[in-house]
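Notes to accompany the following structure.
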Amino acid sequence: METQRLNGNYNSDIVIAGTILRQGGLVAIPTETVYGLAGDATNEAAVQKIFLSKGRPQDNPLIVHISSYEQLNQLTSELSIKAKQLADAFWPGPLTMILPKSKLISDRVSAGLSTVALRFPSHSVAIEIIKSAGVPLAAPSANISGSPSPTTAAHVLHDLDGKIDAVVDGGACTIGLESTVVNLTTEIPTLLRPGHVTLEQLKSVLGDVNVVDAVLHQSDSNAPVFSPGMKYKHYAPKAKMVLLEGSYKAFQTYVNAHAGEGVAALCYTGEEKGLHVPVITYGAQYCQEEQARVLFGALRKLDEMNCQVIYARCPNANGVGLAIYNRMIRAAGFEVRTLD
Ligand code: TXA
Ligand code: MG
117 METQRLNGNY
127 NSDIVIAGTI
137 LRQGGLVAIP
147 TETVYGLAGD
157 ATNEAAVQKI
167 FLSKGRPQDN
177 PLIVHISSYE
187 QLNQLTSELS
197 IKAKQLADAF
207 WPGPLTMILP
217 KSKLISDRVS
227 AGLSTVALRF
237 PSHSVAIEII
247 KSAGVPLAAP
257 SANISGSPSP
267 TTAAHVLHDL
277 DGKIDAVVDG
287 GACTIGLEST
297 VVNLTTEIPT
307 LLRPGHVTLE
317 QLKSVLGDVN
327 VVDAVLHQSD
337 SNAPVFSPGM
347 KYKHYAPKAK
357 MVLLEGSYKA
367 FQTYVNAHAG
377 EGVAALCYTG
387 EEKGLHVPVI
397 TYGAQYCQEE
407 QARVLFGALR
417 KLDEMNCQVI
427 YARCPNANGV
437 GLAIYNRMIR
447 AAGFEVRTLD
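Counting from 117, one number per residue, gives the positions in the sequence shown under our numbering.
Put into structure tokens, the structure is as follows:
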């Protein structure tokens, strides 16, 4: 099929996107976090196509995107006070809540779970498209399963050109990492995936919040899986990546000692000069917002360089850094070496 290129600045293109979605087609849409591969969440055939075109395992449930609180009420069977408080604090925005699902959510969307993941995005083009479609939109990140999430329309086309009906170009995503996912069906709320809404911000609204082990560690294949997405290899460049923890001096010494054919480095902006290997940067050391915004694009650039080993500067895991660290240790297959 030919994938139509639409422009989020044109109202006529928003109408076309809405029509394709209402008719059961798939449209990649911009959001403030990453681009999503959207389909009508209430249409079984459309949802099935999402799994097929991404190569997504069927047991990994989808996030349903809404553009009104009326839809929130329709899609959940029970809305707790905590859910209302979180919605008040962070919606529209980069937060996904796991809530008890209503009958409108099929087992295909929720992968057989009794819960549903809901998100009210803040990106104006995303909101307009959901409204134009007139239905809630199931949308995982618009990448081939396992590769870094797309933060531009070009990334989407790299992975899915010819496999989906259209992509709506809304420019580069301003946040660059997927939403924070929090489960509100456990007695104490549980952080399943860190994102731009930080653990500290969640705690300021909810009080106690637990963090699933899989956020920072490789999940034990025998342990119960709270968020199915966590058990899959993610964000991975084709090359082997190793995170190096320590000072820049130690990083530089290590990388230069290991320089050679097929070796590359991923470091902070401004650190390129002292390294004797090809370098990609992922933002300034003290600007976590920038690191989040450019990380996935940097991983894609490393793929284009066709290197075999990537030595990466290990980010600080505080605040938004927890999300950056979470994506990077997955990209590195949990291989972290401490220098100094
Ligand atoms: O920012 C985002 O969240 C982006 C944009 C497009 O909104 N979407 C996104 O979707 O990252 P996806 O499918 O790549 O990640 C959804 C995550 C997966 O880890 C999945 O397992 C988890 O949410 N999830 C979905 N429904 C769930 C449920 N009912 N219970 C637990 N985890 C769930
Ligand atoms: Mg994804």
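Glycine included, every Cβ here is placed at the ideal spot set by N, Cα and C.
Asked, Found
"Cβ neighbour criterion (16 or more within 10 Å) applied to Tyr-441", "buried"
"beta-carbon Glu-148 near the ligand MG non-hydrogen atom, thresh 7 Å", "no"
"Delimiting residues of the alpha helix (DSSP H) encompassing Met-421", "404-421"
"Opening and closing residue of the alpha helix (DSSP H) in which Asn-189 lies", "185-191"
"Distance CB(Leu-455)-CB(Gly-376) smaller than 8 Å", "no"
"The alpha helix (DSSP H) enclosing Glu-444, as first and last residue numbers", "The sequence shown places Met at residue 444, rather than the Glu named in the question. Per DSSP, Met-444 belongs to the alpha helix (DSSP H) from 437-447."
"contact_flag[the stretch 273-285, the stretch 186-198] where n(CB pairs < 8 Å) is 3 or more", "no"
"Segment contact flag, the stretch 322-332 with the stretch 392-410, C-beta cutoff 8 Å, min 3 pairs", "no"
"Burial state of Pro-173, where buried means 16 or more other Cβ atoms lie within 10 Å", "exposed"
"Candidates Gly-386, Met-421 and Ala-255: closest to Asn-159 by CA position", "Ala-255"
"Helix, strand or coil at His-279 [DSSP, three-state]", "Reading off the sequence shown, one finds Lys at residue 279, where the question assumed His. In this structure, Lys-279 counts as coil in the three-state DSSP scheme."
"Short Cβ contact (8 Å threshold) for Thr-147 with His-239", "yes"
"Gly-152: CB within 7 Å of a non-hydrogen atom of the ligand TXA", "yes"
"Extent of the continuous alpha helix (DSSP H) run through Glu-361", "No alpha helix (DSSP H) contains Glu-361, which is instead part of the beta strand (DSSP E) from 356-361."
"Identity of the residues DSSP links to Tyr-427 by a beta bridge", "Val-358 and Ala-381"
"Distance, Ser-226 Cα to Leu-178 Cα", "6 Å"
"Nearest to Asn-299 (by Cα), restricted to the options Gly-262, Arg-309 and Lys-170", "Arg-309"
"Own chain, CB closer than 6 Å to Val-241, minus 5 neighbours either side, in chain order", "Gly-124, Pro-146 and Gly-286"
"Burial state of Ile-182, where buried means 16 or more other Cβ atoms lie within 10 Å", "buried"
"Reduced DSSP category for Arg-172 - H, G, I as helix; E, B as strand; rest coil", "coil"
"Ala-373, enclosing alpha helix (DSSP H) - first and last residue", "364-373"
"Under the three-state DSSP convention, the category Gly-155 falls into", "strand"
"Cutoff 6 Å; reference Phe-236; Cβ partners in own chain excluding five residues on either side", "Ile-182, Trp-207 and Pro-208"
"Simplified DSSP state of Asp-456, which is helix, strand or coil", "coil"
"Spatial neighbours of Val-410 in its chain, beta-carbon cut-off 7 Å, leaving aside the 5 residues before and after", "Gly-292, Tyr-398 and Gly-399"
"DSSP-derived helix/strand/coil call for Thr-314", "coil"
"Own chain residues within Cβ distance below 6 Å of Ser-193, not counting five before or after", "Pro-216 and Ser-218"
"8 Å Cβ cutoff met for Pro-458 and Leu-318", "Any question about residue 458 goes unanswered here, given that the chain covers just 117 to 456."
"Delimiting residues of the beta strand (DSSP E) encompassing Gln-120", "120-123"
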